[in-house]
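In the working numbering, the protein residues as written are 5 to 225. Quick notes on the structure that follows.
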Amino acid sequence: FQSSHHATDITSLDQYVERMKEKQDKIYFMAGSSRKEAESSPFVERLLKKGYEVIYLTEPVDEYCIQALPEFDGKRFQNVAKEGVKFDESEKTKENREATEKEFEPLLTWMKDKALKDKIEKAVVSQRLTESPCALVASQYGWSGNMERIMKAQAYQTGKDISTNYYASQKKTFEINPRHPLIRDMLRRVKEDEEDKTVLDLAVVLFETATLRSGYLLPDT
């Protein structure tokens, strides 16, 4: 597989496990149509910043195979485009995270119940974003953007398949980056006026941008 460890060399799972950080218990992977797409995804931002190696799956069959192989050498695979990416945190970091979640609660509730209520399952403060304002995350059993693209292409070739429609229509989790100036400004504006048309429109634009940047296709409107 290609990985963030080296720009051109490929790596085996054995080599990946040898290089894992001391307390790391998961093998991180990101699937995309190309290496460029995978490594520029918002999902890998914090992992790469913290020095974790991420495997890039660029062949359509790769993500299928990994999902059929839940672990390797006692280490579970973690699709970084799905829920479940967690970092070891000190007591201080945990306190800070909980304080941030409380601070942004008005914005998260407003997004889920008002601005994006028909589009998302829930809105949460992200632990994985450092640069991007937001991302759209699949549940553990949902499809990543890459898998959704592949399945939609197959369904298109073979005629409609019910399971494709079911998984594709599953609502995702909307993760926001509390350090991003755009998100901080939205929090301020929502607290001032929940009916602010500009901020309602901005939420939809952010959702659509996050949909595309997270590898999903926008629904036909």
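Just so you know, even glycine gets a beta-carbon here, dropped at the ideal spot from N, CA and C.
Backbone secondary structure at residue i - three-state DSSP
{"i": "A139", "result": "strand"}
{"i": "T12", "result": "strand"}
{"i": "K79", "result": "strand"}
{"i": "Y220", "result": "coil"}
{"i": "V128", "result": "strand"}
{"i": "K30", "result": "strand"}
{"i": "Q6", "result": "strand"}
{"i": "A35", "result": "strand"}
{"i": "M24", "result": "coil"}
{"i": "K121", "result": "coil"}
{"i": "R101", "result": "helix"}
{"i": "R183", "result": "coil"}
{"i": "L133", "result": "coil"}
Test: residue i CB closer than 8 Å to a CB of chain B
{"i": "F91", "result": "Among the chains in the structure shown there is no chain B, since it carries only a single protein chain."}
Where the beta strand (DSSP E) through residue i begins and ends
{"i": "L61", "result": "I59 to L61"}
{"i": "T177", "result": "K176 to I180"}
Residue interval of the alpha helix (DSSP H) (run including residue i)
{"i": "A159", "result": "G149 to T162"}
{"i": "D197", "result": "Counting along the chain, D197 falls outside any alpha helix (DSSP H), and DSSP gives it neither H nor E."}
{"i": "Y145", "result": "Per DSSP, Y145 belongs to no alpha helix (DSSP H) and is neither H nor E."}
{"i": "L51", "result": "E49 to K53"}
{"i": "E92", "result": "Rather than Glu, the amino acid found at residue 92 in this sequence is Asp. First-last for D92: undefined, no H or E at that position."}
{"i": "Y68", "result": "P64 to A72"}
{"i": "T113", "result": "E109 to W114"}
Strand pairing of residue i, partner residues [DSSP]
{"i": "K86", "result": "A142"}
Cβ contact check for the segment 71 to 79 and the segment 39 to 52: 3 or more pairs under 8 Å: When C-beta atoms of the segment 71 to 79 are compared with those of the segment 39 to 52, fewer than three pairs fall below 8 Å, so the two segments do not count as touching.
For the segment 107 to 124 against the segment 195 to 210, are there 3 or more C-beta pairs whose distance is under 8 Å? yes
Below 8 Å, how does it come out for the segment 187 to 196 and the segment 88 to 102: are there three or more Cβ pairs, yes or no? no
Answer yes if the segment 100 to 115 comes into contact with the segment 22 to 30, meaning at least three C-beta pairs across the two stretches below 8 Å, and no otherwise. no
With three or more C-beta pairs closer than 8 Å as the rule, is the segment 129 to 148 touching the segment 193 to 201? no
Please determine if the segment 125 to 137 and the segment 32 to 39 are in contact, where contact requires at least 3 C-beta pairs separated by less than 8 Å. Judged by Cβ distances under 8 Å, the segment 125 to 137 makes no contact with the segment 32 to 39, as fewer than three pairs qualify.
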